[in-house]
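First comes the structure, then the notes that go with it.
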Amino acid sequence: MTRVLVVDDEPQILRALRINLSVRGYEVVTASTGAGALRAAAERPPEVVVLDLGLPDMDGVEVLGGLRGWTKVPVIVLSARTDSSDKVEALDAGADDYVTKPFGMDELLARLRAAVRRGASTVEEDQPVVTTDAFTVDLSAKKVTRHGAEVHLTPTEWGVLEMLVRHRGKLVGQKELLQEVWGPAYATETHYLRVYLAQLRRKLEDDPSHPRHLLTEAGMGYRFAQ
Numbered sequence: 053m054t055r056v057l058v059v060d061d062e063p064q065i066l067r068a069l070r071i072n073l074s075v076r077g078y079e080v081v082t083a084s085t086g087a088g089a090l091r092a093a094a095e096r097p098p099e100v101v102v103l104d105l106g107l108p109d110m111d112g113v114e115v116l117g118g119l120r121g122w123t124k125v126p127v128i129v130l131s132a133r134t135d136s137s138d139k140v141e142a143l144d145a146g147a148d149d150y151v152t153k154p155f156g157m158d159e160l161l162a163r164l165r166a167a168v169r170r171g172a173s174t175v176e177e178d179q180p181v182v183t184t185d186a187f188t189v190d191l192s193a194k195k196v197t198r199h200g201a202e203v204h205l206t207p208t209e210w211g212v213l214e215m216l217v218r219h220r221g222k223l224v225g226q227k228e229l230l231q232e233v234w235g236p237a238y239a240t241e242t243h244y245l246r247v248y249l250a251q252l253r254r255k256l257e258d259d260p261s262h263p264r265h266l267l268t269e270a271g272m273g274y275r276f277a278q
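In structure tokens:
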């Protein structure tokens with residue numbers, strides 16, 4: 053049974069989607085807030101998400117960012133915002149499709165089926181919590197703990213760590229990491245990486261001078277080893 057997470061703060065839309073999806077054999081999980089959506093996705097990972105942008109506690113684009121920190125699950129935005137800039141922002145943030153309200157149920161269901169088909173080809177296993185022998189990274193909650201205690205990271209330190217953990221086991225190039233965390237204008241500022249990796253190692257590695265998890269590939273980039 054395909055699990056769908058529906059996120060909307062309008063009770064009538066949640067009810068309509070729950071009924072229509074349930075009778076078609078979907079398992080439906082609902083949330084009316086952004087925080088509730090991120091929690092539900094981490095506890096019971098869905099195979100597709102239907103997401104409203106206008107949530108009471110945070111913007112839907114922030115929810116997208118939280119999801120994309122650890123999962124490639126297909127996300128269909130369902131929003132009353134019709135401006136092209138809103139659509140571009142949502143798609144750039146990681147949405148797979150955008151449907152405007154009011155919507156036709158048949159069209160939404162067709163887009164949902166297409167999203168599920170695309171998502172089924174993703175072989176990477178989504179794991180919101182990544183554990184090493186020294187520290188644990190919760191990509192959904194954006195939190196790091198070491199020996200049971202939470203570790204404070206700056207936003208930039210978190211950005212570097214998140215990028216490496218999301219690509220765990222794979223080489224992340226210097227330019228790619230700089231552009232993702234600092235922006236395109238910083239693509240050649242490799243000294244930034246040396247400084248921030250050193251800070252992360254001091255905070256997370258048992259032996260910062262001989263790191264086991266935050267590894268340097270000389271002249272190429274960095275790798276997170278679990």
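Numbers 53 to 278, taken from this note's numbering, label the letters of the sequence shown in order.
In this text, a Cβ means the ideal position worked out from N, Cα and C, and glycines have one as well.
Checklist entry - Closest by CA to residue 238, which one among 227, 250 and 256? => result 227
Checklist entry - Does the distance from the C-beta atom of residue 186 to that of residue 256 stay below 9 angstroms? => result yes
Checklist entry - Does DSSP put residue 258 in a helix, in a strand, or in coil? => result coil
Checklist entry - How many angstroms separate the CA atom of residue 270 from the CA atom of residue 236? => result 22 angstroms
Checklist entry - Any idea which residues DSSP pairs residue 202 with across the strands? => result 197
Checklist entry - In or out: residue 273 buried (at least 16 other Cβ within 10 Å) or exposed? => result So residue 273 counts as buried.
Item to check | Residue closest to residue 234, alpha-carbon to alpha-carbon, out of 243, 143, 83 and 208 | outcome: 208
Checklist entry - Per DSSP, what kind of secondary structure is residue 239 in: helix, strand or coil? => result coil
Checklist entry - Taking the alpha carbon of residue 74 as the point to measure from, which residue in 57, 61 and 119 has its own alpha carbon closest? => result 57
Checklist entry - So residue 138 packs on residue 167, CB below 8 angstroms; how close in whole Å? => result Contact annotation, residue 138 with residue 167: C-beta distance approximately 19 angstroms; criterion of less than 8 angstroms not satisfied.
Item to check | Range of the contiguous beta strand (DSSP E) that encloses residue 271 | outcome: Counting along the chain, residue 271 falls outside any beta strand (DSSP E), and DSSP gives it neither H nor E.
Checklist entry - Which value, in whole angstroms, describes the spacing of the CA atoms of residue 145 and residue 114? => result Taking the straight line from one Cα to the other gives about 9 angstroms.
Item to check | Residue from 140, 141, 98 and 129 with nearest C-alpha to residue 122 | outcome: Of the candidates 140, 141, 98 and 129, the one whose C-alpha sits nearest the C-alpha of residue 122 is 98.
Item to check | For residue 198 and residue 162, the rounded distance between their alpha carbons | outcome: 45 angstroms
Item to check | Beta carbon of residue 252 nearer than 9 angstroms to that of residue 224 | outcome: No, Cβ-Cβ distance for residue 252 and residue 224 is not below 9 angstroms.
Next on the checklist: Checking 9 angstroms against the spacing of the C-beta atoms, do residue 131 and residue 105 come in under that value?
Outcome noted: Yes. Within cutoff.
Checklist entry - Taking only runs of the alpha helix (DSSP H) that begin and end inside the region 68–135, which ones reach a length of at least 4 residues, in chain order? => result 86–95 and 112–120
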